[in-house]
Each structure stands twice: as C-alpha cells, then as structure tokens.
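Number of protein chains: 2
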Amino acid sequence: MQNIYTPSYSVPCELCSIGSICLSIFKDDYSCAILNRKRLFEKNDIIAQAGEPLNNLLVIHSGCLKSYAVTSSGAEQITGFYLPGDILGFEAISSKKHYNSIQALTKTSVCEVRHEEFMSLMANCGQVRDVMVNLMSQEILNQQKLILMLSQKNAEERLASFIYLLYTRYALRGHVSLNIKLSVCRSDIANYLGLTIETISRIFTRLQQLNILAVKGKHILIKNLPELIKFSGELE
Amino acid sequence: MQNIYTPSYSVPCELCSIGSICLSIFKDDYSCAILNRKRLFEKNDIIAQAGEPLNNLLVIHSGCLKSYAVTSSGAEQITGFYLPGDILGFEAISSKKHYNSIQALTKTSVCEVRHEEFMSLMANCGQVRDVMVNLMSQEILNQQKLILMLSQKNAEERLASFIYLLYTRYALRGHVSLNIKLSVCRSDIANYLGLTIETISRIFTRLQQLNILAVKGKHILIKNLPELIKFSGELE
DNA sequence: CGGCATATTGAAGACCTTCAACACAAGTGG
DNA sequence: CCACTTGTGTTGAAGGTCTTCAATATGCCG
Numbered sequence: 000m001q002n003i004y005t006p007s008y009s010v011p012c013e014l015c016s017i018g019s020i021c022l023s024i025f026k027d028d029y030s031c032a033i034l035n036r037k038r039l040f041e042k043n044d045i046i047a048q049a050g051e052p053l054n055n056l057l058v059i060h061s062g063c064l065k066s067y068a069v070t071s072s073g074a075e076q077i078t079g080f081y082l083p084g085d086i087l088g089f090e091a092i093s094s095k096k097h098y099n100s101i102q103a104l105t106k107t108s109v110c111e112v113r114h115e116e117f118m119s120l121m122a123n124c125g126q127v128r129d130v131m132v133n134l135m136s137q138e139i140l141n142q143q144k145l146i147l148m149l150s151q152k153n154a155e156e157r158l159a160s161f162i163y164l165l166y167t168r169y170a171l172r173g174h175v176s177l178n179i180k181l182s183v184c185r186s187d188i189a190n191y192l193g194l195t196i197e198t199i200s201r202i203f204t205r206l207q208q209l210n211i212l213a214v215k216g217k218h219i220l221i222k223n224l225p226e227l228i229k230f231s232g233e234l235e
Numbered sequence: 000m001q002n003i004y005t006p007s008y009s010v011p012c013e014l015c016s017i018g019s020i021c022l023s024i025f026k027d028d029y030s031c032a033i034l035n036r037k038r039l040f041e042k043n044d045i046i047a048q049a050g051e052p053l054n055n056l057l058v059i060h061s062g063c064l065k066s067y068a069v070t071s072s073g074a075e076q077i078t079g080f081y082l083p084g085d086i087l088g089f090e091a092i093s094s095k096k097h098y099n100s101i102q103a104l105t106k107t108s109v110c111e112v113r114h115e116e117f118m119s120l121m122a123n124c125g126q127v128r129d130v131m132v133n134l135m136s137q138e139i140l141n142q143q144k145l146i147l148m149l150s151q152k153n154a155e156e157r158l159a160s161f162i163y164l165l166y167t168r169y170a171l172r173g174h175v176s177l178n179i180k181l182s183v184c185r186s187d188i189a190n191y192l193g194l195t196i197e198t199i200s201r202i203f204t205r206l207q208q209l210n211i212l213a214v215k216g217k218h219i220l221i222k223n224l225p226e227l228i229k230f231s232g233e234l235e
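Protein sequences, first through last, are from chains Z and V.
To convert, note that position 137 of the first sequence is 136 in numbering that gives the first Met the number 0; the numbers rise steadily by one, no gaps.
To convert, note that position 95 of the second sequence is 94 in numbering that gives the first Met the number 0; the numbers rise steadily by one, no gaps.
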C-alpha cells in the first residue's frame, strides 16, 4: 500500500488567491501598512470572535482554519474550512463585523490584509478591484454549488464531494496529491455536511470497502479518483 | 378569516438594492447606456440560459424570477428566487458567463444593468463601488445562512424559514404584509429546499392545523408570526 | 364543462439518526 | 513503563423522518 501520509503544505504566493496583488504591489515590502505577512497561530487559537469589528481579511499561507456561527442555543455551526491560498472575511465587509468566529485547526500561518486600507486601495487600483470582485464572484458561485450539494445530495454523495473538493482545492494551489491530510475532525465534517459523526464513520468504512479510499485516522488516500467523482454525484 | 390575497408588488426605486445608484447617477436618463429600465417578460420566459455570455446584471422591478442549474443528467436544480428589489448575476461576473439559467415565474419587469459598462463605472465612482461591494458581501452572508439552514434544519424548519424569509424580503422592500403570494410552485419550493412536494404539502397542512399559516393554493397568510419564527429554528 | 397540470393524502420502505457499547490513540501522573 | 484518563473514532440495533409509490382531489384554462 502506498504511503498515505503527507507533509503540511504552504502555498507559494504565485498560487495564492491574492498572490497577483502581493507580488506586483506589495512586493518585498514586509513592513507594509496593508499587509501583515505570515502571522502564526497555534492549534485551537481563536483568531476572531463573532461580533468583533472586522480589522483584517485573512489569507491562509499554511495550515487550516474553520469558521463557525454560534446559535442562540449555544451550538456551533461550521460555515467553512479554509486552506492555504484561501481568503476569508468577505461576508463581514458589509457590516464591518465578523459574523463568524474563526479558529485554527492546526498550527497556521496567515497573511492579514488591513480591511480599511485595502478598501481604499481598491478605489485607486484597478488591478486590486478586479481581483477582489472576481474573488467575491467566485465565492458566491462556490457557495451556490455547496447549496446545491446540501439540498440535493445524500450522505454518501456529500462526503465523497467533500473529499473530492478538498483534493481540487489543494490541486488549485499547486498541491496535486491523492494523499489528503484532514486537519478537520469527524465531528466538524459531520457538522459542516449536516450529518452525524456515526454516519461519517460508516461511509468512510463503506468507501474503504469499495477500495475508493484508504482511511487511517486523519489521513486519507484517494485510491480511485474517477470512482470518487462518480460517487460525489455529478454536480461539481 | 382575513383576506389572504395580495396584489402584485413593484419596488419603489428608493428601496431597491441599487436604488441609490439609479437615483443619484442615472436619474431621469431613460436612454442610459448602462441601465435599461423595466424590460418586461412574460410568465415562463427564459431570460438567460446557462453558458451564455453575461451581458447584464438584472434587477427585479416587479414579479418574480427563478435561477437554476441543469445537471448532466438533465435535472433542474433551483439556485434562487428573486423578488422586487433583488439583483442577480453576481456569480457570473468572474467567468463572464451565466452559470445558471433564469426564468420568469410570473409577468416580470426587470431593469437590466449593462455589465461591462457598469464595471467601468465601478472604477470611476466610489459610490457605485461601495454599493456593489456591499451587495456582494451581503449576498455571501445570505448564502451562508442558507447553507446553515440546509445543513442543519429539518423539513418543517426549512419550510417555516422559507416562508419567514419571503416575509422579511418583501418587508425589506417596503411591502410589509402577512399575506404572501407564492409565485413559486410546490415542486420548485421542494427542489430548492431539498425536499419532495409531498413533504412540502404535508408540512403546509401541519402548519395550518397549528393555526400558524392559512394556505390556499399559492396564497399564504401568516396567522402567527412569532410561532412561525419559532418553528423556523433560531438561525435567521 | 372537460382535460391536464398541480396539489393532497395514505401506506410502505429507505436512509439517517439516536442511543449504547466498544476500540483506539495521545497525554498524564504514579 | 504501565495504569489511567480523556478525546476521538467505530460499530451495532432500534427508531424516526423523509421519500417513494399510488390513489385521489383541486385548480386552471381552453
């Protein structure tokens, strides 16, 4: 059997969602008033609390974050997982307040983009404006796909989609590998997909029996990608 | 029993999502190169097909639209319903192609905003930029709420949320009324909420027995709003 | 009024959850 | 180093929710 372990991954600036901005505008200016590069967080660190004012948009350099809303009954609802190259904070721009809390799932390094200053930059620089509008548009499209997934797919399709989506998201950032390290625990996956941890566990078992995945704790090896895609249902 | 019929509603520009732009910039210029006001579509007209180039963003003046994706197996998946004052097309900005098809559910009048020209206007006009960024941010936040709903709520909560959300969306545009006219058929509601028409029907019956709603075909009267909110689950 | 699409209702079954027991890994202290 | 704890993941059995299939009812538009 192939080795299913994979080292932690950091995105090169060239492949980051705002890389074109950093490389052409911020360049080597490490003391930039807008960009604070590679701030480090430890596993389980809370990076922002819901309700706090929005100071920065966050861009993941390495590691993994989750964002979640807390219901009035105190339950935690995962709203997203963020991987190297991903940007988060768009949903807070309108109200200038964090709607979600954000927590590190592993040791994570994050580039902070000062929100106020960045918005002024958008006014003056067409390139920044285009990148931002495109990113927001893409985010809306991606969410729409997720909405379709949740409203139409059964448990097996959801989990298969989830794994396949992780694969494509890493690949998009230059990390093409059938080995996927879940920084995410089963209960977070379950919460995010609207299932229970027992169901997640059972489906992992089933996908292993079908020789589509090899699962060992948080390490996943995709053994049959075409079949995984088929199981994920056609909408991706 | 109160009358549960309500006349069709058109949004005044003051309360439309891009009203501030139209009123301050386009003003009374009806032959504007950017804005084509109040183009009329008949029920069931296809306004755009998935894959077509994005020429216009659409703003609903009166009536109702649905957008939907078509899967490789030919099934239709509703991605959204749009009411007077709503804007649609954001998800297509990045690729400059319609990802969804758009169809009129009733006789509908639409203000078309030329996409290319509007993007240039965004470059030159801070007010337009702010409005657009805010609208996109809000859209992302609203979608996130929908994602939570779909991943966490049961059938009853979904339908109650759906009705309550329609109520708040009309109210936002100045049409505060407990009478709601569904331009949407049961099967579209079911598709959108990830349920079957039978389940929708059963839950309508249940909510009527509980004296929360009065349902007569496409006309809904909210008879107990606080209870409806309670049934919709706490996340709104 | 008749015909067709849309909506409602009932019964059986599938899928996922719930509850409970158990397995496994990581970390702590004796 | 092992016993103990704790957190996390797996598995089984029973039950509930929603779907499926089928029959019936209602509404709409000629």
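The C-beta atom is built at its ideal place from N, Cα and C for all residues, glycine as well.
Comparing alpha-carbon positions, which option in the options lies nearest residue i?
i                : options                                  : result
Asn99 (chain V)  : Z:Val109, Z:Glu111 and Z:Leu147          : Z:Leu147
Pro83 (chain Z)  : Z:His218, Z:Lys37 and Z:Leu120           : Z:Lys37
Ile45 (chain Z)  : Z:Ile86, Z:Ser66 and Z:Gln137            : Z:Ser66
Leu39 (chain Z)  : Z:Glu51, Z:Phe25 and Z:Leu57             : Z:Leu57
Ile59 (chain V)  : V:Cys31, V:Gly50, V:Leu34 and V:Cys15    : V:Cys15
Asn35 (chain Z)  : Z:Val109, Z:Leu194 and Z:Gly125          : Z:Val109
Gln48 (chain Z)  : Z:Gln102, Z:Leu64 and Z:Gly18            : Z:Gln102
Phe89 (chain V)  : V:Tyr169, V:Pro225 and V:Val130          : V:Val130
Leu171 (chain Z) : Z:Asn43, Z:Ser119, Z:Asp85 and Z:Ala32   : Z:Asp85
Gln151 (chain V) : V:Gly73, V:Ile211, V:Gly193 and V:His218 : V:Gly193
Leu212 (chain Z) : Z:Ala68, Z:Gly62, Z:Asn190 and Z:Glu155  : Z:Glu155
Ile20 (chain Z)  : Z:Lys42, Z:Glu226, Z:Gly125 and Z:His218 : Z:Gly125
Ser182 (chain Z) : Z:Gln137, Z:Leu165, Z:Thr70 and Z:Gly73  : Z:Leu165
Phe230 (chain Z) : Z:Lys215, Z:Ser93, Z:Ile219 and Z:Arg205 : Z:Arg205
Gln137 (chain V) : Z:Ala91, Z:Ser176 and Z:Glu51            : Z:Ala91
Arg128 (chain Z) : V:Thr105, V:Glu13 and V:Ala122           : V:Ala122
Ile77 (chain V)  : V:Thr105, V:Tyr191, V:Leu224 and V:Ser23 : V:Tyr191
Ala32 (chain V)  : V:His114, V:Lys42 and V:Lys95            : V:His114
Gly79 (chain V)  : Z:Gln143, Z:Ala189, Z:Ser72 and Z:Val69  : Z:Gln143
Leu104 (chain V) : V:Glu41, V:Met118 and V:Gly73            : V:Glu41
Ile162 (chain V) : V:Ala74, V:Leu87, V:Ile188 and V:Ile139  : V:Ile188
Asn54 (chain Z)  : Z:Leu87, Z:Gly62, Z:Leu64 and Z:Leu22    : Z:Leu87
Going by DSSP, which residues form a beta bridge with residue i?
i                : result
Phe80 (chain V)  : V:Lys65
Asn178 (chain V) : V:Leu220
Ile59 (chain V)  : V:Val109
Please classify residue i: does DSSP put it in a helix, a strand, or coil?
i                : result
Ser9 (chain Z)   : strand
Glu226 (chain Z) : helix
Ile211 (chain V) : coil
Gly232 (chain Z) : coil
Thr195 (chain Z) : coil
Asn190 (chain V) : helix
Arg185 (chain V) : helix
Arg172 (chain V) : coil
Ile3 (chain V)   : With a pLDDT of 41 at Ile3 (chain V), under the threshold of 50, the predicted position of this residue should be treated as unreliable, and no value is reported.
Residues of the segment 132-156 of chain Z whose Cβ lies closer than 7 Å to any Cβ of chain V, in chain order: Val132, Asn133, Met135, Ser136, Gln137, Glu138, Ile139, Leu140, Gln142, Gln143, Leu145, Ile146, Leu147, Leu149, Ser150 and Gln151
Every unbroken alpha helix (DSSP H) within the segment 65-147 of chain Z, with a cutoff of 4 residues, ordered by chain: 114-123
Start-end ranges of the beta strand (DSSP E) lying completely within the segment 11-56 of chain V, minimum 3 residues: 34-40 and 45-47
Contact residues within the segment 66-77 of chain Z, judged by C-beta distance below 7 Å to chain V: Here the close residues are Ala68, Thr70, Ser71, Ser72 and Gln76.
Chain Z contacts from the segment 85-97 of chain V (Cβ-Cβ distance under 7 Å): Phe89, Glu90, Ile92 and Ser93
Cβ-based contacts, 9 Å cut-off: residues of the segment 169-202 of chain V near chain Z: Asn190, Tyr191, Leu192, Gly193 and Leu194
Chain V contacts made by the segment 98-132 of chain Z, where a contact means CB separation under 9 Å: Tyr98, Asn99, Met118, Met121, Ala122, Gly125, Arg128, Asp129, Met131 and Val132
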